[in-house]
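Per our numbering, the sequence shown runs over residues 10 to 333. Glycine included, every Cβ here is placed at the ideal spot set by N, Cα and C.
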Amino acid sequence: MLNIRRMTLLRELHHRGTLAAVARELHYSPSAVSHQLSQLEKEAGVPLMETVGRGVRLTEAAKRLVERTDEVLDILDTAESELAATRAGTSGSGGQRSGAVGTLRVTSFQSAMASILPTALTMVNRRHPHLQVEVYHRDVGEAFDGVIAHSFDLMLGDEFPGEPEPVRPGLHREELFADPMLLVLPASGQWALPADNLGELGGLNALADAPWILEPTSAPCGRWMRAVLREAGFEPRVTCETSDPLLRAHMVRTGHGVTMIPALLAGPYLDDTQALSMPGSPHRSLFTAVREGYAAHPGVRAFRTALLAAARRESPDSGELDEL
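Take a look at the structure:
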């Protein structure tokens with residue numbers, strides 16, 4: 010009989026391309042991965058890999074086996090969700106519902122971890138004391154790969170206008186909310202607005218000569234930022250690039266430029282700066298994604314519910330922001 014764990018290793022090799030990458034992701038040695046795949050080949054009775062240069066590639070039989078592995082893992086996800094729902098509806102002695110149980114592995118990007126995620130975790134811990142949530146910081150692309158590979162159960166992601174995430178078959182996506190993007194200026198200095206003239210900047214082109222602190226162009230947010238500024242009629246003079254929004258806010262706070270920051274980070278993270286609503290109220294879309302077979306899992310439903318509640322509690326009132 011084929012061993013499902015070894016089948017999963019073959020699936021990882023298909024997605025990651027090299028034995029070294031599989032070993033690195035799963036914390037095995039390359040020799041251990043190679044040995045397990047050799048055992049799977051014996052179980053299958055047909056060649057699954059062929060040597061190409063210094064690496065290996067999957068045979069057609071192996072690719073078909075990977076497809077069947079996906080189907081098996083989907084069925085296991087559904088079965089686990091059904092069993093978890095049964096456990097959530099029972100308790101040991103009192104006859105009361107115990108709530109979601111087990112472990113949920115969640116990935117999140119930075120600004121969500123610095124805003125709504127801690128509140129959501131507190132809610133889940135209080136309402137579902139037997140559900141253990143593990144949180145891992147991952148960029149959106151890596152998070153998608155991790156959920157598909159079964160390394161994680163649920164991901165938080167964000168998407169910017171003009172930079173849609175590709176549709177990934179087998180995943181269930183659920184929208185969270187729209188997070189406005191803010192223009193952030195220093196509280197004083199050349200690029201600050203007088204306190205009695207907030208909201209009278211006149212448009213982004215008034216900042217055509219300002220030093221801009223932006224995300225790198227390798228990130229969807231960085232490409233979106235530049236597109237917005239070019240649409241306003243100028244090529245930004247970028248003096249600092251970082252994907253860390255808190256570092257961007259700090260650079261603005263210390264007078265070294267202007268930037269754009271998600272409204273989720275308004276409040277203490279933007280102290281001693283001027284945060285303005287942007288023309289047209291552009292926003293990013295926040296969402297969660299899980300494997301389709303896991304969408305009905307009580308832990309997933311509990312965590313998604315907590316995220317929505319946390320978003321309502323933590324999101325700033327847009328009426329408190331000055332208009333650009």
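When we look at the beta-carbon of residue 218 and count the other beta-carbons within 10 Å, is it buried (16 or more) or exposed? exposed
DSSP three-state assignment for residue 283, whether helix, strand or coil: strand
Going by the beta-carbon positions, is the gap between residue 198 and residue 150 smaller than 9 Å? no
Is DSSP giving residue 151 helix, strand or coil here? helix
Once DSSP output is grouped into helix, strand and coil, what is the label at residue 200? coil
Mind checking whether residue 262 and residue 195 have CB atoms under 9 Å apart? yes
How long is the line joining the alpha carbons of residue 200 and residue 193, rounded to whole angstroms? 10 Å
Would DSSP call residue 100 helix, strand or coil? With a pLDDT of only 48 at residue 100, under the threshold of 50, the placement of this residue in the model should not be trusted, and no figure is reported.
Can you list, in chain order, the residues of its chain whose CB lies under 7 Å from that of residue 257, leaving out five sequence neighbours each side? 222, 251, 268, 270
In this structure, how does DSSP classify residue 180 when only helix, strand and coil are distinguished? strand
Just verifying my parser: in three-state terms, what is the DSSP assignment at residue 174? coil
What are the boundary residues of the alpha helix (DSSP H) that residue 39 is part of? 39 to 53
Just how far apart, CA to CA, sit residue 83 and residue 301? 8 Å
Going by DSSP, what residue range makes up the beta strand (DSSP E) through residue 267? Per DSSP, residue 267 belongs to no beta strand (DSSP E) and is neither H nor E.
Assuming contact is defined by CB atoms lying nearer than 9 Å, are residue 294 and residue 167 in contact in what I supplied? yes
Look at the Cβ atom of residue 113, then the Cβ atom of residue 163, and state whether they are nearer than 9 Å. yes
Return the first residue and the last residue of the beta strand (DSSP E) that residue 228 is part of. Segment: none, residue 228 is in no beta strand (DSSP E) and carries neither H nor E.
Contact under 9 Å by Cβ, residue 78 with residue 16: yes
Could you check whether residue 34 and residue 158 sit closer than 9 Å to each other, using their CB atoms as the reference points? yes
Among 241, 316, 312, 308, whose alpha-carbon lies nearest the alpha-carbon of residue 94? 308
Would you mind working out which of 56, 61, 62 sits nearest residue 68, comparing C-alpha positions? 56
Buried or exposed for residue 213, going by 16 or more other Cβ atoms inside 10 Å? buried
Based on DSSP bridge pairs, tell me the residues matched to residue 190. 271
Please state the DSSP three-state secondary structure of residue 288. coil
How far does the beta strand (DSSP E) with residue 22 in it reach, from first residue to last? From DSSP, residue 22 is part of no beta strand (DSSP E) but of the alpha helix (DSSP H) over 13 to 25.
Bridge partner(s) assigned by DSSP for residue 195: 282
Which residue wins for smallest C-alpha separation from residue 74, given the options 298, 255, 22? 22
Are the stretch 310 to 318 and the stretch 226 to 233 in contact at 8 Å, needing three or more beta carbon pairs? no
Would you kindly report the start and end of the unbroken alpha helix (DSSP H) that includes residue 110? That residue, residue 110, is in no alpha helix (DSSP H); it is neither H nor E in DSSP.
Bridge partners for residue 252 per DSSP, in chain order? Bridge partners of residue 252: none, in fact.
What whole-angstrom Cβ distance do residue 172 and residue 232 have, given they're in contact under 8 Å? 6 Å
Alpha helix (DSSP H) segment containing residue 308, residue limits: 307 to 323
Taking residue 243 as the reference, which of 12, 216, 259, 230 has the closest Cα? 216
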